[in-house]
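Step one of this worksheet: look at the structure below.
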Amino acid sequence: MRPDLSDTRRKHPGTRASEFPAGFAPPIDLSCVEGGVVPIDEDAVRSDLRAHGYSYVDDVGESFDLRTGFGFLGEPVPQYLGEYVRDVRPDPAISDDVITPYNRSEVLPHTEWFEFPDVPPRYVVLHAVVAASSGGETTLADGYGYLATFSAEDRAELARRSYRWRSQVTLESEGIHQEASAPILTAVDGRPVLRFSSLFMECADDFSKNFVAAGREYFRRTRVAIPIGSGGALVWDNWRMLHARNAFTDRRRHLRRVIIGAA
Ligand SMILES: [Fe+2]
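For what it's worth, UniProt numbering labels the leading residue of the sequence shown as 1, then goes sequentially.
See below:
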């Protein structure tokens with residue numbers, strides 16, 4: 001039976017970031033979905049993104065059309081192999097000793113798509129098909145807050161100095177090796193675009209080494225941990241936010257990712 005969507009919208013608005021304490025799993029109630037399409041409260045998502053840099057929606061359902069579902073934010077961008085929806089789940093062939101999204105390890109703070117020369121995608125969406133039984137939270141910190149800790153002179157240096165960036169090593173098993181040179185800080189229409197990688201920016205000078213080390217410390221102090229429940233979706237502003245992941249043990253964990261270009 002098709003659910004009463006107007007009722008669903010009232011009962012299950014997108015969870016506002018400001019209502020979502022770190023480390024606390026929101027209640028998941030998918031009883032109203034039953035294969036139907038639950039509308040996303042687009043205004044709430046936009047408002048969250050402006051205010052906090054991220055938004056969590058707890059009720060899109062396991063069969064959500066991820067490619068188009070957040071199209072109100074912009075155009076989805078093809079990913080490494082041309083796919084619009086990329087699976088993120090543990091690969092049994094990759095040891096958990098390696099730091100990569102494709103096992104169960106902790107992932108260190110970064111922004112997405114730093115290794116490409118073009119403007120990085122504006123938004124990243126993660127949708128949980130199967131959440132981990134425990135752990136595996138996505139962690140986020142405000143990169144604009146980190147930039148604000150720098151002097152105007154140092155921010156100018158972040159925009160002036162160009163560094164080498166390379167793709168995650170474990171992607172080479174898929175034939176993916178991507179490199180680019182770009183500054184840490186660029187801008188689009190006056191809006192800062194931050195690149196950050198804990199591991200895959202070549203730290204060629206003390207300035208860049210300090211930037212990464214202080215960024216990791218800033219992330220450790222200020223991050224929020226968001227458990228994406230099965231059927232939930234998390235979207236964040238990739239020009240602004242640093243993201244990472246806590247370790248987990250549940251091999252069934254299955255997330256899907258879409259990246260969205262500037263609107
Ligand atoms: Fe990532």
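Positions of the beta carbon are idealized from the N, C-alpha and C atoms, including for glycine.
*Taking only the alpha-carbon atoms, compute the straight-line gap between tyrosine 54 and tyrosine 218 and give it to the nearest angstrom.*
Looking at the two C-alpha atoms, the distance is approximately 18 Å.
*Can you tell me which of Phe150, Val107, Arg161, Asp43 puts its alpha carbon nearest to the alpha carbon of glycine 135?*
The shortest C-alpha separation from glycine 135 is found at Val107.
*asked:* Using a 10 Å radius around the Cβ and a threshold of 16 neighbouring Cβ atoms, would you call valine 169 buried or exposed?
replied: Exposed: under 16 other Cβ atoms inside 10 Å.
*Exposed or buried, which one is alanine 182 when buried takes at least 16 other CB atoms within 10 Å?*
Alanine 182 should be labelled buried.
*Taking the CB atoms as reference points, tell me whether glutamate 115 and phenylalanine 200 lie closer together than 8 Å.*
Less than 8 Å separates the beta-carbon of glutamate 115 from that of phenylalanine 200.
*Closest to tyrosine 56 by CA distance: which of Glu83, Val125, Ala187 is it?*
Per the Cα distances, Val125.
*Anyone know if the C-beta pair for glutamate 174 and tyrosine 80 falls short of 8 Å?*
A contact, by the Cβ cut-off of 8 Å.
*In or out: histidine 110 buried (at least 16 other Cβ within 10 Å) or exposed?*
Residue burial annotation: histidine 110 is buried, with at least 16 other C-beta atoms found within 10 angstroms of its C-beta.
_I'd like the list of long-range same chain contacts for arginine 253, defined as Cβ closer than 7 Å, with 5 residues on each side in sequence excluded._
Cβ within range, chain order: Arg89, Pro90, Val130, Ala131, Ala132, Gly136.
*For proline 120, verify whether its CB is less than 7 Å away from any heavy atom of ligand 1.*
For proline 120, the shortest C-beta to heavy atom distance toward ligand 1 is 7 Å or greater.
*Work out the CA separation of leucine 73 and lysine 209 for me, nearest whole Å.*
Rounded to whole angstroms, lysine 209 and leucine 73 show a C-alpha spacing of 34 Å.
*Residues sharing a beta bridge with glutamate 157, DSSP*: Here glutamate 157 is not bridged, per DSSP, to any residue.
*Inter-residue spacing [alpha-carbon to alpha-carbon] between isoleucine 260 and aspartate 237*: Taking the straight line from one Cα to the other gives about 10 Å.
*Report all residues from its chain with a CB closer than 7 Å to the CB of glutamate 202; omit the five preceding and five following residues, and keep chain order.*
If the five residues before and after glutamate 202 are omitted, its C-beta is found closer than 7 Å to the C-beta atoms of Tyr163, Arg164, all from its own chain and listed in chain order.
_Closest residue to isoleucine 99 among Arg240, Leu242, Arg46, Ser198 (Cα-Cα distance)_ = The shortest Cα separation from isoleucine 99 among Arg240, Leu242, Arg46, Ser198 belongs to Ser198.
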